[in-house]
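Going by full-length UniProt numbering, 347 is the number at position 345 of the sequence shown; the sequence numbering is gapless.
The C-beta atom is built at its ideal place from N, Cα and C for all residues, glycine as well.
All figures in this text were calculated on a predicted structure; none of them were measured in a lab.
Notes follow the structure.
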Amino acid sequence: RNYDIAVIAGDGIGKEVVPEGQRVVEAAARRFGFSVDWKEHDWSCDYYARHGRMMPEDGVEQVRGSHAIFLGAVGWPNVPDHISTWDLILRLRRELNLYVALRPARLLKGITSPLAGRDAKDIDFVIVRENSEGEYSSAGGILYQGTPEELVIQESVFSRRATDRILRYAFELARTRRNKVSLATKSNGIKIAMPYWDERFAAVAAEYPDVEANKFHIDILTAHFVNHPDWFDVVVGSNLFGDILSDLGPAVAGSIGIAPSGNIDPTRTNPSMFEPVHGSAPDIAGQGIANPIGQIWAGAMMLEHLGELEAARAIETAIETVLSQGGPRTRDLGGSAGTIEAGKAIADALA
Ligand code: NAI
Ligand code: MG
Numbered sequence: 003r004n005y006d007i008a009v010i011a012g013d014g015i016g017k018e019v020v021p022e023g024q025r026v027v028e029a030a031a032r033r034f035g036f037s038v039d040w041k042e043h044d045w046s047c048d049y050y051a052r053h054g055r056m057m058p059e060d061g062v063e064q065v066r067g068s069h070a071i072f073l074g075a076v077g078w079p080n081v082p083d084h085i086s087t088w089d090l091i092l093r094l095r096r097e098l099n100l101y102v103a104l105r106p107a108r109l110l111k112g113i114t115s116p117l118a119g120r121d122a123k124d125i126d127f128v129i130v131r132e133n134s135e136g137e138y139s140s141a142g143g144i145l146y147q148g149t150p151e152e153l154v155i156q157e158s159v160f161s162r163r164a165t166d167r168i169l170r171y172a173f174e175l176a177r178t179r180r181n182k183v184s185l186a187t188k189s190n191g192i193k194i195a196m197p198y199w200d201e202r203f204a205a206v207a208a209e210y211p212d213v214e215a216n217k218f219h220i221d222i223l224t225a226h227f228v229n230h231p232d233w234f235d236v237v238v239g240s241n242l243f244g245d246i247l248s249d250l251g252p253a254v255a256g257s258i259g260i261a262p263s264g265n266i267d268p269t270r271t272n273p274s275m276f277e278p279v280h281g282s283a284p285d286i287a288g289q290g291i292a293n294p295i296g297q298i299w300a301g302a303m304m305l306e307h308l309g310e311l312e313a314a315r316a317i318e319t320a321i322e323t324v325l326s327q328g329g330p331r332t333r334d335l336g337g338s339a340g341t342i343e344a345g346k347a348i349a350d351a352l353a
């Protein structure tokens, strides 16, 4: 088995953690008898400074034929964030139809949750975020600009097709886990779109009588993540609600530096894209101290998606072994190791 992987390290700490992710995937490949061909792309804010765009016009076509995309982080102060994000990450997500964003929030062995008294059995849920439409739309505009009547309208767009398919994905995923789906809604305030989500949720839930379904308004849901993380198995939400929850989930599971994320095309027509949840962290970039675990765990998710289940489990176990047996850890986890040392320890644990 050989996999062609497109690599976009991006900016800041993306360039530091991606090589560690590759190192660990390579170690898993050696142990489990497959190989990986990496095709590196220098698309980033540096690229923007040279070319006036984040990636070539035909960038999406350049990666379309690969088995998966391994992304670091994109964004730097020389380019406004909405440009770096829309011109690269959102283009890939949308043009490759990566309509599911999948983010596990699981407390690893050897990590202490910021929630007092919680251990690994209490925090093991997955956030399923609608990744193709919703609140992140370009529909709208500014009226009467520069006058006291200035008025900004930003439309949200929810199609039945995209809403139903993400809900079904959540229910299917729950069947492989603990058979429970929670919806993030806000039907008491957002009075057209969110009652619609509630209605579609009830309709899809009826197709899955074996899966427990419940819903929470997004505001109280954030409180429940903190107070009752053990209530959750699969949590599904719109693009915006899912985005917010998928930073909060990993935060209750320890550190943003360890959290992975998959942007998935469940139809498997196009390559799916795997990345850490965190960004380019300009505040610590260039110092060699970023935690590589988010990138490494994203590598495990990528291998799982490619069908290398044993290799994926082995990477997760190697991370937990290093963390729980006093191996090197970076500063965000209370240690003093650098990025490379932390990455090598996990690769060694796999050998
Ligand atoms: P960020 O995740 O880059 O940083 C937030 C905080 O977490 C910082 O204090 C940072 O030092 C820390 N942190 C993040 N990753 C870490 C790691 N691996 N190890 C140790 N500490 C870590 O988020 P921020 O500051 O909001 O965004 C910075 C840039 O990254 C922006 O340009 C933003 O647009 C971009 N970004 C890109 C993403 C992507 O490529 N998918 C996702 C989020 C942000
Ligand atoms: Mg986010």
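**Prompt:** Does the beta carbon of residue 354 fall short of 7 Å from some heavy atom of the ligand NAI?
**Reply:** Residue coverage of the chain in this structure runs from 3 to 353, which leaves residue 354 outside it and unanswerable.
**Message:** When you measure from the CB of N133 to every non-hydrogen atom of the ligand NAI, does any distance come out below 7 Å?
**Reply:** Position 131 of the sequence shown, counted from the first residue, corresponds to residue 133. No - the ligand NAI has no heavy atom lying nearer than 7 Å to the Cβ of N133.
**Request:** State yes or no: is the C-beta of S338 nearer than 7 Å to some heavy atom of the ligand NAI?
**Result:** To locate residue 338, count along the sequence shown from 1; it is residue 336. It does not: the Cβ of S338 is nowhere closer than 7 Å to a heavy atom of the ligand NAI.
**Message:** Measuring CB atoms only, is the region 329 to 339 touching the region 277 to 285, in the sense that at least three cross pairs come out at less than 8 Å?
**Reply:** The answer is no - the region 277 to 285 does not touch the region 329 to 339, with fewer than three Cβ pairs under 8 Å.
**Request:** State the Cα-Cα distance for the pair Q156 and E137, rounded to the nearest angstrom.
**Result:** Position 154 of the sequence shown, counting from 1, holds the residue named residue 156. Position 135 of the sequence shown, counting from 1, holds the residue named residue 137. So the two alpha carbons sit approximately 8 Å from each other.
**Asked** Roughly how many angstroms lie between the CA atoms of N80 and W233, to the nearest whole one?
**Response** Here residue 80 corresponds to residue number 78 of the sequence shown, with the count starting at 1. Here residue 233 corresponds to residue number 231 of the sequence shown, with the count starting at 1. In this model, N80 and W233 are separated by some 42 Å (Cα to Cα).
**Request:** Compute the beta-carbon to beta-carbon distance between L94 and V62, rounded to the nearest angstrom, for a pair I have assumed lies under 8 Å.
**Result:** The residue labelled residue 94 in the question sits at position 92 within the sequence shown. The residue labelled residue 62 in the question sits at position 60 within the sequence shown. With 8 Å as the limit, L94 and V62 qualify as a contact, their Cβ atoms being about 6 Å apart.
**Message:** Is the separation between the beta-carbon of L250 and that of F218 shorter than 8 Å?
**Reply:** Here residue 250 corresponds to residue number 248 of the sequence shown, with the count starting at 1. Here residue 218 corresponds to residue number 216 of the sequence shown, with the count starting at 1. No, Cβ-Cβ distance for L250 and F218 is not below 8 Å.
**Request:** Classify S139 as buried or exposed, calling it buried when 16 or more other Cβ atoms lie within 10 Å of its own Cβ.
**Result:** The residue you call residue 139 lines up with position 137 of the sequence shown. The Cβ neighbour count for S139, taken over all protein chains shown within 10 Å, is under 16; the residue is labelled exposed.
**Message:** Would you say the beta carbon of D44 is closer than 7 Å to some non-hydrogen atom of the ligand NAI?
**Reply:** What you label residue 44 is simply residue 42 of the sequence shown in a count that begins at 1. D44: no, Cβ never under 7 Å from the ligand NAI.
**Request:** Return the Cβ separation of M275 and L109 in integer angstroms, given the expectation that the two are a contact with Cβ distance under 8 Å.
**Result:** Residue numbering aside, residue 275 sits at position 273 when the sequence shown is read from its first letter. Residue numbering aside, residue 109 sits at position 107 when the sequence shown is read from its first letter. So it is not a contact: roughly 25 Å between Cβ atoms.
**Asked** Below 8 Å between beta carbons: does that hold for L104 and I260?
**Response** The residue you call residue 104 lines up with position 102 of the sequence shown. The residue you call residue 260 lines up with position 258 of the sequence shown. Contact: no.
**Message:** What would DSSP say about S184, mapped onto helix, strand or coil?
**Reply:** Here the question's residue 184 lines up with position 182 in the sequence shown. Three-state result, S184: strand.
**Asked** For E151, which of helix, strand or coil comes out of DSSP?
**Response** Numbered from its first residue, the sequence shown carries residue 151 at position 149. In the structure shown, E151 sits in coil (DSSP, three-state: anything other than H, G, I, E or B).
**Message:** At a cut-off of 7 Å, would you count N293 as near the ligand NAI, judging by its Cβ distance to the nearest heavy atom?
**Reply:** Working through the sequence shown from its first residue, we reach residue 293 at position 291. At least one heavy atom of the ligand NAI is nearer than 7 Å to the Cβ of N293, so yes.
**Prompt:** Quick one: Cα of M196 to Cα of I220, how far?
**Reply:** Reading the sequence shown from its first residue, position 194 is the one you call residue 196. Reading the sequence shown from its first residue, position 218 is the one you call residue 220. M196 and I220 have their C-alpha atoms roughly 11 Å apart.
**Request:** Check each candidate in E343, W199 and W88 and name the one with the smallest Cα separation from I291.
**Result:** The residue you call residue 291 lines up with position 289 of the sequence shown. Distance check between I291 and each of E343, W199 and W88 places E343 closest, using alpha-carbon atoms only.
**Asked** Along the chain, which unbroken stretches of the beta strand (DSSP E) at least 3 residues long are found entirely within the region 85 to 148?
**Response** You should have 102 to 108, 126 to 132 and 142 to 145.
**Request:** Could you tell me which of V324, H84 and V254 sits nearest to A118, measuring between CA atoms?
**Result:** Within the sequence shown, residue 118 is the residue found at index 116, counting from 1. Closest by alpha carbon: V254.
**Asked** D6 to W40, Cα distance in whole Å?
**Response** Here residue 6 refers to the residue found at position 4 when the sequence shown is read from its first residue. Here residue 40 refers to the residue found at position 38 when the sequence shown is read from its first residue. For the pair D6 and W40, the Cα-to-Cα distance works out to about 6 Å.
**DSSP beta-bridge partners of Q156** = One-based indexing of the sequence shown puts residue 156 at position 154. For Q156, which the question treats as bridged, DSSP gives the partners G142.
**Message:** Taking the straight line between their C-alpha atoms, what separation do you get for E322 and G112?
**Reply:** Locating residue 322 in the sequence shown gives position 320, counting from the first residue. Locating residue 112 in the sequence shown gives position 110, counting from the first residue. Rounded to whole angstroms, E322 and G112 show a C-alpha spacing of 6 Å.
**Message:** Taking contact to mean 3 or more Cβ pairs, one atom from each stretch, closer than 8 Å, check whether the region 301 to 310 and the region 19 to 37 are in contact.
**Reply:** Flag = yes, the region 301 to 310 and the region 19 to 37 touch.
**Asked** Per DSSP, which one or two residues make a beta bridge with N265?
**Response** Taking the first residue of the sequence shown as position 1, residue 265 is located at position 263. Looking at the DSSP output, N265 bridges to A103 and M275.
**Prompt:** Taking C-alpha atoms, which residue in A8, V19, G74 and D13 lies nearest to G340?
**Reply:** Numbered from 1 along the sequence shown, position 338 holds the residue referred to as residue 340. Minimum Cα distance to G340 is reached at V19.
**Message:** Quick check: what's the CA-CA separation for N272 versus R202?
**Reply:** Here residue 272 refers to the residue found at position 270 when the sequence shown is read from its first residue. Here residue 202 refers to the residue found at position 200 when the sequence shown is read from its first residue. The alpha-carbon atoms of N272 and R202 are separated by roughly 27 Å.
**Asked** Would E22 be called buried (16 or more neighbouring beta carbons within 10 Å of its own) or exposed?
**Response** Position 20 of the sequence shown, counting from 1, holds the residue named residue 22. Buried, because 16 or more other Cβ atoms sit within 10 Å of the Cβ of E22.
**Request:** Could you please give the first and the last residue of the uninterrupted beta strand (DSSP E) stretch that includes S37?
**Result:** On the sequence shown, position 35 is the one that residue 37 refers to. Residues S37 to H43.
**Prompt:** What do you reckon, is the C-beta of D285 under 7 Å from a heavy atom of the ligand NAI?
**Reply:** Indexing the sequence shown from 1 puts residue 285 at position 283. Short note on D285: C-beta closer than 7 Å to some heavy atom of the ligand NAI.
**Message:** Distance check for K123 and L352, CA to CA, integer angstroms please.
**Reply:** The residue you call residue 352 lines up with position 350 of the sequence shown. The residue you call residue 123 lines up with position 121 of the sequence shown. CA-CA distance, L352 to K123, rounds to 24 Å.
**Message:** Using the three-state DSSP reduction, which class does D285 fall into: helix, strand or coil?
**Reply:** Your numbering for residue 285 matches position 283 in the sequence shown. DSSP places D285 in coil when its eight states are reduced to three.
**Item:** Reduced DSSP category for F234 - H, G, I as helix; E, B as strand; rest coil
**Value:** One-based indexing of the sequence shown puts residue 234 at position 232. Of the three classes helix, strand and coil, the one that applies to F234 here is coil, per DSSP.
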